[in-house]
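Asks: Residue numbers (our numbering), protein chains in the order written: chain A, -17 to 150; chain B, -17 to 150; chain C, -17 to 150; chain D, -17 to 150. By construction, the Cβ of each residue, glycine as well, lies at the ideal position given by its N, Cα and C atoms.
Number of protein chains: 4
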Amino acid sequence: MLHIEIIATGGTIEKVYSEQTGNVQNLDSKIDRYFRLLRLPDAGIAVTHLMNKDSLEMTDADRETVLLTVREKLAAGAAPIVITHGTDTMVETGLLLQKNLPELRYPIILTGAMTPLGFEASDGLQNLTESLLAARALPAGVYVVMHNQVFPVDRVRKDRELARFVWK
Amino acid sequence: MLHIEIIATGGTIEKVYSEQTGNVQNLDSKIDRYFRLLRLPDAGIAVTHLMNKDSLEMTDADRETVLLTVREKLAAGAAPIVITHGTDTMVETGLLLQKNLPELRYPIILTGAMTPLGFEASDGLQNLTESLLAARALPAGVYVVMHNQVFPVDRVRKDRELARFVWK
Amino acid sequence: MLHIEIIATGGTIEKVYSEQTGNVQNLDSKIDRYFRLLRLPDAGIAVTHLMNKDSLEMTDADRETVLLTVREKLAAGAAPIVITHGTDTMVETGLLLQKNLPELRYPIILTGAMTPLGFEASDGLQNLTESLLAARALPAGVYVVMHNQVFPVDRVRKDRELARFVWK
Amino acid sequence: MLHIEIIATGGTIEKVYSEQTGNVQNLDSKIDRYFRLLRLPDAGIAVTHLMNKDSLEMTDADRETVLLTVREKLAAGAAPIVITHGTDTMVETGLLLQKNLPELRYPIILTGAMTPLGFEASDGLQNLTESLLAARALPAGVYVVMHNQVFPVDRVRKDRELARFVWK
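1) List the residues that DSSP assigns as beta-bridge partners of L(-16) of chain C.
2) What residue range does the alpha helix (DSSP H) around F17 of chain D cover?
3) What is the rounded straight-line gap between the Cα of A145 of chain C and the Cα of R139 of chain A?
4) Which bits of chain C does T97 of chain D rub up against, with CB to CB less than 8 angstroms?
5) Please classify A60 of chain D as buried or exposed, where buried requires at least 16 neighbouring CB atoms within 10 angstroms.
6) Is it buried or exposed, M128 of chain B, if we count other Cβ atoms within 10 angstroms and call 16 or more buried?
7) Out of C:R53, C:G26 and C:T(-6), which has the shortest C-alpha to C-alpha gap to S11 of chain C?
8) May I ask you to verify whether the region 79 to 90 of chain A touches the region 107 to 123 of chain A, counting CB pairs closer than 8 angstroms and requiring at least 3?
9) Let me check one thing: in DSSP terms, what residues is I63 of chain C bridge-paired to?
10) Alpha carbon to alpha carbon, how far is A122 of chain B from G76 of chain C? Give it in angstroms, no decimals.
11) CB S37 of chain D to CB T69 of chain D, shorter than 9 angstroms?
12) According to the neighbour-count rule (16 or more other Cβ atoms, all chains shown, within 10 Å of its Cβ), is A57 of chain B buried or exposed?
13) What does the Cβ neighbour count give for A43 of chain D, buried or exposed, with the cut at 16 atoms within 10 Å?
14) For A164 of chain A, I'd like the list of residues in its chain whose CB is within less than 6 angstroms of its CB, leaving aside the five on either flank, ordered along the chain.
15) Would you say E102 of chain C faces chain D, with C-beta separation under 9 angstroms as the test?
16) Between G106 of chain B and M72 of chain B, how many whole angstroms is the CB-CB distance? I'm expecting something under 8 angstroms.
17) What span of residues does the beta strand (DSSP E) with K140 of chain D cover, start to end?
18) With DSSP as the reference, label Q80 of chain A as helix, strand or coil.
19) What does DSSP give as the partner residues of P121 of chain A in its beta bridges?
20) Between H67 of chain C and the rest of its own chain, which residues show a CB-CB distance below 7 angstroms, the 5 nearest in sequence each way excluded?
21) Of the residues that make up the region 120 to 141 of chain A, which ones have a beta carbon closer than 9 angstroms to any beta carbon in chain D?
22) Which residues in the same chain have their Cβ closer than 6 angstroms to the Cβ of V124 of chain C, if we skip the five residues on either side of it in sequence?
23) Note down the Cα distance separating A22 of chain C from F147 of chain B, rounded to an integer number of angstroms.
24) Determine the direct distance from the alpha carbon of L20 of chain C to that of V52 of chain C, and round the result to whole angstroms.
25) List the residues that DSSP assigns as beta-bridge partners of V(-2) of chain A.
26) Name, in chain order, the residues that DSSP records as bridge partners for G(-8) of chain A.
27) Looking at the unbroken beta strand (DSSP E) that takes in D132 of chain A, where does it start and where does it end?
28) Could you spell out the range, first to last residue, of the alpha helix (DSSP H) harbouring E54 of chain C?
29) Tell me the rounded alpha-carbon separation between I27 of chain B and I13 of chain B.
30) So, does the CB of G4 of chain B fall closer than 9 angstroms to a CB anywhere in chain A?
31) By the DSSP assignment, the beta strand (DSSP E) with F147 of chain A in it spans what residues?
32) Are P98 of chain A and V6 of chain A closer than 9 angstroms when you measure CB to CB?
33) Output, in sequence order along the chain, the residues in the region 16 to 39 of chain A whose CB is closer than 7 angstroms to any CB in chain D.
34) Are the C-beta atoms of R118 of chain A and some chain D residue less than 9 angstroms apart?
35) Residues in its own chain within less than 6 angstroms of M96 of chain B by CB, not counting five upstream and five downstream?
36) What are the residues that DSSP puts in a beta bridge with V73 of chain C?
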């Protein structure tokens, strides 16, 4: 049984449609419902709902909180970590982790979505599925995993117009 | 074979999520894709894409265009009509039709959705399904049909907080 | 609030795929999960799980049980009734009801599916949605409602090759 | 752009429900429709529809055909390969490949499903998603990849009662 730590920070992947406002927003976390759609007989998933923010609204203090939480999880026991995160500043958070965790022995996977989980043509469940496999298969390091792509975090940037990540 | 005229005017039921803006908007019409999910062996559906607007942005001229189009369809041949429409001013458009079409011999059904077609927990396909059955089963008149409810258009108002229509 | 009695008897609409046998079978009832996908703010649904049989395996005694249950529901209070049923002998059961309930004051709707609920391209949820609207909109009588079609039970037969009901 | 060869051989993952027979069968291949649900901006997928069989009906000659096709794909150019296959004899086919391809330089992934693609609670799309990431991330070798598990083919057996693969 592989233990995988999930740290949920919000982003598009968690957005919901509000019938009152007619907008998509980060309100209640919904990621757990989607993990339950996956068969994970040999993986123990523990989800920490750290915050639920559009990543454009994440502050430096928020990113420090992510780093602190990752440190705590790593200290508590050896395990890969998957962080769900808004795509706009996912790389920024990832670079902070890479810089401050030089002796990492497990992979840390950042993932998210271009379209919220459960919306038609969403990439969210694909990205969660890939990230959980990447957590099992990749060597130590900090990565962005989405759309069947695996990027070391210092080699990637978001292309907003293409709505995906590309090599840099 | 029952011929049913569909007049699409936009509204939440047609909204799509834009990965570039992160908002839901009336961009391309998607209602045809959802009609294709239904089995209609004995109904001939013809969809007129009249406009694609949030109904809060519909003008008096837009409503006149809807009325004119309904008149044309009725003149061209006897058939029930389903109008997909934003919920905020659906009743206003319906009352205009009722007032100007006193000798209606077929049902006119207004429907829409609280959550866009294809989004998790959307009521859109339910409402389309119900409206097509109502077009077949109801007597002449102008109705709002959604959520297993059938309202004569002069007896209904939207309750925005409950996100549904109620009797008035 | 309209009270609608649901009597579930099985049929394809309730079939599930068994990973152990590789077949589809009538095992656990799943219809309640699908009713929960519908918005029914003004309808009170009560589901009686009477049996869960492929309708080719229903006996005369089973059909009598359906009739008896319908009688009890009608005696207990005025309400339309929706019966979910296998399509192969749906008409036979419906004719028994029609013959034995000559003074019906509410509609009784028989419905089912050609492909089980939740399988790709299933017609099950469409048929449930239509039947609940038909329960509200149709006059007294016994009907088969599926695929946007409304058949009085003495005017319909199943066309197995077309996988739908047709007028007789 | 990573080129990934897909070889489809059938199995439960490809089964469809027949409305005429009421059974699930390997009739038309449907796997392409499900690949189209995935975002693969940096992967070129080529699907070879080799056969469409329940793997209990695969003969030794069928397995030789799979081996031959893999050899041809490997000879034609360097690329990982994903083979979709029935689960009952997936390991047998994999062991044949492992034995006959001792100098493999790319991963060969065998995958399938316990419930057909598109049926409620299907594991098919999860397994396809994982296999495409495994094709990118795993070292050379022959593997079974399903349910967030990665098994070298000589270390795995199917547990029919649990409806999954386990270590042997």
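Replies: So, to answer that:
1) C:A25
2) I13 to F17
3) 52 angstroms
4) Y(-1) and E1
5) exposed
6) buried
7) C:T(-6)
8) yes
9) C:E(-13) and C:I90
10) 29 angstroms
11) yes
12) exposed
13) exposed
14) Outside the modelled stretch of chain A, which goes from -17 to 150, sits residue 164 of chain A, for which no answer is possible.
15) yes
16) Contact doesn't hold; Cβ gap of about 14 angstroms is too wide.
17) V138 to D141
18) helix
19) DSSP output for P121 of chain A lists no bridge partner at all.
20) T(-9), G(-7), S37, T75, L92 and G94
21) L120, V127, M128, H129, N130, Q131 and V132
22) G76, L79, Q80, I90 and V135
23) Correcting the residue type first, residue 22 of chain C is Leu in the shown sequence and not Ala. Near 12 angstroms, if we compare the C-alpha coordinates of F147 of chain B and L22 of chain C.
24) 24 angstroms
25) A:Q7
26) A:K35
27) Reading off the sequence, residue 132 of chain A comes out as Val, not Asp. First-last of the beta strand (DSSP E) with V132 of chain A: Q131 to P134.
28) D42 to A58
29) 12 angstroms
30) yes
31) R146 to W149
32) yes
33) L20, R21, L22, P23, D24 and A25
34) yes
35) D105 and A145
36) Answer is none; V73 of chain C lacks a bridge partner.
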